[in-house]
Amino acid sequence: MATRGFTGRPREPEQRDRVPPGQHLVDYFPVLTAGPTPHIATESWKFTLKVGPRPVKTWTWAEFNALPMTKMVRDIHCVTTWSLLDTTWEGVLIDDLLADAFIEPPTKFLLAHSYDGYSTNVPADDLLTGKAMIALKYGGKPLERDHGGPARLLVPHLYFWKSAKWINGLQFTERDEAGFWELRGYHIYGDPWKEQRYTDD
């Protein structure tokens, strides 16, 4: 389902060190999904942190929004070859989420789970020390449904399929378990700077 047909503006000289190889710049936020866009009412939205199959803590929308909020400005890179610079997000850092649940990372790996059944794997080290958040706002506004609203994972230093839309939980796992796209030929890690798009990259 990855398309190679995107076109965009050429990189300016001062931007070249911000755009990974094989990527091109766009000036809009493309919408790409693996399936239909779900509708999740904030009144029924819940987020659960698990260790293996065991729930550690669950937050309602109101409880989640009461957690410390952080603003993040980052460049993002999609496996379909577009890059968008200086995107602005607001949400809850994974560090603050774990602090509220009073746990340290018990394993080195996590799976992100979404309301539409999507999942993706991310090493714990790539979510901590301010690297990632559960984003609730984009560009100063509540996150639109097409872009994963009401909440999505944001891991901006990896290809954007790792930033799971419509997220409803994180699960610590004992091993690095492949998620939806990883089981379908995408790279297990997904570093844009190493062009880790597919399994053998």
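Counting from 1, one number per residue, gives the positions in the sequence shown under UniProt numbering. Where a beta carbon is used, it is the ideal one built from N, C-alpha and C, also for glycine. In this text the structure is predicted, and so the values were computed from the model without any measurement.
Using the three-state DSSP reduction, which class does residue i fall into: helix, strand or coil?
i, result
"W89", "strand"
"Q15", "helix"
"F47", "strand"
"A62", "helix"
"A112", "strand"
"R54", "strand"
"M69", "coil"
"H147", "helix"
"L32", "coil"
"K194", "helix"
"Q25", "Per the sequence shown, residue 25 should be read as Leu rather than Gln. In this structure, L25 counts as strand in the three-state DSSP scheme."
Between the beta-carbon of residue i and the beta-carbon of residue j, is there less than 8 Å?
i, j, result
"A132", "L153", "yes"
"A151", "L127", "no"
"T81", "G22", "yes"
"W161", "T120", "yes"
"I188", "D176", "yes"
"S83", "L158", "no"
"R74", "P192", "no"
"L130", "F47", "The sequence given here has Gly at residue 130, not Leu. No, they are not a contact pair."
"G185", "Y198", "yes"
"K141", "A124", "no"
Can you give me the Cβ contacts of residue i inside the same chain, cut-off strictly under 8 Å, excluding the 5 residues immediately before and after it?
i, result
"L67", "W59, V92, D96, L97 and D100"
"residue 206", "Nothing can be reported for residue 206, as the shown portion of the chain is limited to 1 through 201."
"L143", "A135, L136, K137, G149, P150, A151 and R152"
"G52", "Q171, F172, T173 and E174"
"E43", "W61"
Measure from the C-beta of residue i to each C-beta in chain D and report whether the shortest distance is under 8 Å.
i, result
"A151", "The question asks about chain D, but that chain is absent: this structure has only one protein chain."
Look up residue i in the DSSP assignment and give the residues it is bridged to.
i, result
"R74", "T87"
"S119", "H113"
"P142", "K137"
In chain order, what residues of the same chain lie with their CB nearer than 6 Å to the CB of residue i, ignoring the 5 residues before and after it?
i, result
"T70", "L93"
"G190", "L158, Y159, K162 and Q196"
Below 7 Å CB to CB, which residues in the same chain sit around residue i once its five sequence neighbours on both sides are set aside?
i, result
"P38", "Y115, D116 and W166"
"V56", "L49, K50, A101 and I103"
"I40", "Y115, P150 and W166"
Taking only runs of the alpha helix (DSSP H) that begin and end inside the stretch 153 to 192, which ones reach a length of at least 4 residues, in chain order?
none
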